[in-house]
Amino acid sequence: MLVIDLDSHSRPRREDYVIAPEYEHLRPREYTDSRGNVRRIFNNKTISVLTAGERKVAIREGRAAWRAAEYDADLRYEQVKEAGIDYQFVSAGTVGMFSYIDPDPGAAFVRASNNFIYENFMKRYPKTFTGAPQLPLQDAREAMKELERCVKDLGMLTFLMPTNWNGIDIADPHWWNLYDYARDLGVRGIIVHIGSFAGPFVGKERLSVLGSDGTAGRRILSQPFEYCANVINMIFGGLLDSFPELNFAFLEAGAEFAVNLKHRIEKNVEQIGYLEDMLATPVDKYFDRFYFVVDDLLLKENGKRLTRVIEELGVDNLFFGSDYPHDDGDLDTAARVKALENIPTESKQKILGGNVLKYMGGKLAL
């Protein structure tokens, strides 16, 4: 049974960025305070915070050793293969972290980040790892150039988009030239990841109670809020009608939020004439282009919630993503999917690998 992991991360160490001398002063740095909290700083801004409490959880769950897999390809390969994963998409750094500085250094750090994935993982284990590159979104021309390099020179097949950049939703026509270029390059699947650690998100101004910039607590609402906004804008804003070849995979927040959102869209389209007039196809057809991750919650109680999601959304738009080696990631998810007793084998194969192949347009360098 083919297993493809669409959601894994790496984190270059400070010395792993091969960067021009004029940008040396901008290298990302880490600072650990007396309480054990680790702050990652870039361009004088907090990009992420790993609290001492989160580190304790990683130790308790036996995942402390995963930290080295953020940059150690040999260790990652051993752990991934032991978990029965055949192929893994690897991203680097925090999504969008280099997109909020001047275009030239931003593009330089994005290139260094993508080169790290290629040199460290793809070149050493080409049958196991591929890249999910970032792009310098503050400059459309540089973004297109980097995407072309990643596809043509590095052999990558997709790219990461934050849910928004500077408040501009991924469905906004601001990005359509980029999507058009991606389509011409043969890209068929775009990976969507919340960028709330560094960038804005829906409701941010009212959710400071969940933590300051860089803290993980805000994802309680930032992930589903952002993804709901993306889905609405893609459906009603014309993106999906204008780019029928493109599919979008949402890496966070599971799939249950999409069930409720789909029902609300369908009910309101039936009742509100102007909404119906905005659509070229039934809502179902638009949701065929969205892919959602099977998370831990869906697998509890022998997949009871997963069964409901399959009934509501269908099995063809669900995928496996481990979120490895983050502390809350789980390489065991693939084995747990295989062990489900009430899910047909064919459906398990789709979730674990087949749907990613479909999402990518049937292309994968296996």
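Going by my numbering, the sequence shown opens with residue 11, and the numbers climb by one from there.
Cβ coordinates follow ideal geometry from the N, Cα and C atoms, glycine included.
Only a predicted model underlies this, so the values are computations on that prediction, with no experimental measurement involved.
Distance, Cα to Cα, residue i vs residue j?
i	j	result
residue 118	residue 100	19 Å
residue 188	residue 352	42 Å
residue 120	residue 319	36 Å
residue 191	residue 312	43 Å
residue 175	residue 108	11 Å
residue 32	residue 290	50 Å
residue 184	residue 267	27 Å
residue 257	residue 198	6 Å
residue 161	residue 254	20 Å
residue 272	residue 123	36 Å
residue 213	residue 235	8 Å
residue 4	residue 57	Only positions 11 to 376 of the chain appear in the structure, and residue 4 is not among them; the question remains open.
residue 379	residue 279	Residue 379 falls outside the range modelled here, since the chain spans only 11 to 376, and no answer is possible.
residue 226	residue 179	21 Å
residue 134	residue 348	29 Å
residue 215	residue 228	11 Å
residue 218	residue 239	20 Å
residue 367	residue 43	44 Å
Hey, quick one: how far does the beta strand (DSSP E) through residue i stretch, first residue to last?
i	result
residue 19	14 to 20
residue 173	Segment: none, residue 173 is in no beta strand (DSSP E) and carries neither H nor E.
residue 259	257 to 260
residue 56	55 to 60
residue 50	48 to 52
residue 90	No beta strand (DSSP E) holds residue 90; the alpha helix (DSSP H) holding it covers 83 to 92.
residue 103	Per DSSP, residue 103 belongs to no beta strand (DSSP E) and is neither H nor E.
residue 202	199 to 203
What does a CB cutoff of less than 7 Å around residue i pick up in its chain, not counting 5 residues either side in sequence?
i	result
residue 332	15, 17, 18, 339, 340, 341, 343
residue 94	13, 344, 345
residue 26	81, 126
residue 89	79, 341
residue 85	78, 79
residue 128	141, 164
residue 115	33, 36
residue 248	none
Counting only the same chain and skipping the five closest in sequence on each side, list residues whose C-beta sits under 8 Å from that of residue i.
i	result
residue 233	204, 206, 262, 263
residue 265	302, 303, 304, 305, 308, 319, 323, 328
residue 317	352, 353
residue 96	12, 13, 14, 138, 363, 376
residue 252	186
residue 62	45, 46, 47
DSSP state of residue i, grouped into three classes?
i	result
residue 98	strand
residue 132	helix
residue 142	coil
residue 282	coil
residue 288	coil
residue 109	coil
residue 34	helix
residue 246	helix
residue 228	helix
residue 320	helix
residue 235	helix
residue 297	helix
residue 313	helix
residue 351	coil
residue 39	strand
residue 361	helix
residue 9	In this structure the chain extends from 11 to 376, so residue 9 is not present and cannot be described.
residue 29	coil
residue 241	helix
residue 328	strand
residue 304	coil
residue 180	coil
residue 23	coil
residue 77	helix
For residue i, report the span of its alpha helix (DSSP H) as first-last.
i	result
residue 118	113 to 127
residue 334	Careful: residue 334 lies outside any alpha helix (DSSP H) and carries neither H nor E.
residue 154	150 to 158
residue 211	Counting along the chain, residue 211 falls outside any alpha helix (DSSP H), and DSSP gives it neither H nor E.
residue 193	186 to 194
Excluding sequence positions up to five away, which residues of its chain have a Cβ less than 6 Å from the Cβ of residue i?
i	result
residue 244	181, 250
residue 301	259, 327, 329, 369
residue 223	56
residue 288	246
residue 221	227, 228
Problem set entry | At least three beta-carbon pairs within less than 8 Å, the stretch 155 to 171 to the stretch 49 to 59 | Judged by Cβ distances under 8 Å, the stretch 155 to 171 makes no contact with the stretch 49 to 59, as fewer than three pairs qualify.
Exercise. Using 8 Å as the threshold, is the stretch 312 to 328 in touch with the stretch 274 to 291, meaning 3 or more CB pairs across them?
Worked result: Taking one beta carbon from each stretch, the stretch 312 to 328 and the stretch 274 to 291 have fewer than 3 pairs nearer than 8 Å; the two do not touch.
Exercise. If we count Cβ pairs, one from each stretch, closer than 8 Å, do we get three or more for the stretch 129 to 148 versus the stretch 163 to 180?
Worked result: Touching, yes.
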